[in-house]
Amino acid sequence: MDYKKTKAAPSTISRDLEVLTLETGNIYETVMLLAKRANQISSELKEELNQKLQEFASYTDNLEEIFENREQIEISKFYERLPKPTLIAFEELKEGEIYHRNPARENKQRI
1 MDYKKTKAAP
11 STISRDLEVL
21 TLETGNIYET
31 VMLLAKRANQ
41 ISSELKEELN
51 QKLQEFASYT
61 DNLEEIFENR
71 EQIEISKFYE
81 RLPKPTLIAF
91 EELKEGEIYH
101 RNPARENKQR
111 I
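When you line the sequence shown up against UniProt numbering, it's residues 1 to 111, in that order.
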């Protein structure tokens, strides 16, 4: 998913608990769902950032290092301005883009 085009709020805002319980029926299950998705998003963003910064890796000292540092700083600032992974995960949940299932609940229904 392209997290750069997300509609998530860039800062934390108050949330309605009713919205959180719509998907699963349990606030705690929803919070765990959001936490797991936020960890996935965080890992993907970190990997992407590391790949971009790896392009600038230099093992020798040279005069171009100052220019390269400026580019690295701009890339880092861009990723810092993105909404936090928890906010992106909440936006995905609100839009119904997260697939989830609860095996324990499925087993109870089968019995």
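Every residue gets a Cβ at the ideal spot worked out from N, C-alpha and C, and that includes glycine.
So what's residue i in DSSP terms, helix, strand or just coil?
i: P10; result: coil
i: residue 121; result: Residue 121 is absent from the model: the chain starts at 1 and stops at 111.
i: N50; result: helix
i: R101; result: coil
Out of curiosity, what's the CA-to-CA distance linking residue i and residue j?
i: K84; j: K52; result: 19 angstroms
i: K97; j: E18; result: The question names Lys, but residue 97 is Glu in the sequence shown. When rounded, the distance between both Cα atoms is 18 angstroms.
i: Y28; j: L49; result: 31 angstroms
i: E80; j: P10; result: 10 angstroms
i: K77; j: I41; result: 18 angstroms
i: D16; j: L22; result: 11 angstroms
i: Q72; j: N39; result: 24 angstroms
i: T6; j: I13; result: 16 angstroms
i: N69; j: I75; result: 10 angstroms
i: T24; j: T30; result: 6 angstroms
Using C-beta distances below 6 angstroms, list every residue in its chain close to residue i, excluding the 5 sequence neighbours before and after it, in chain order.
i: L33; result: H100
i: A8; result: P83, L87, I88 and E91
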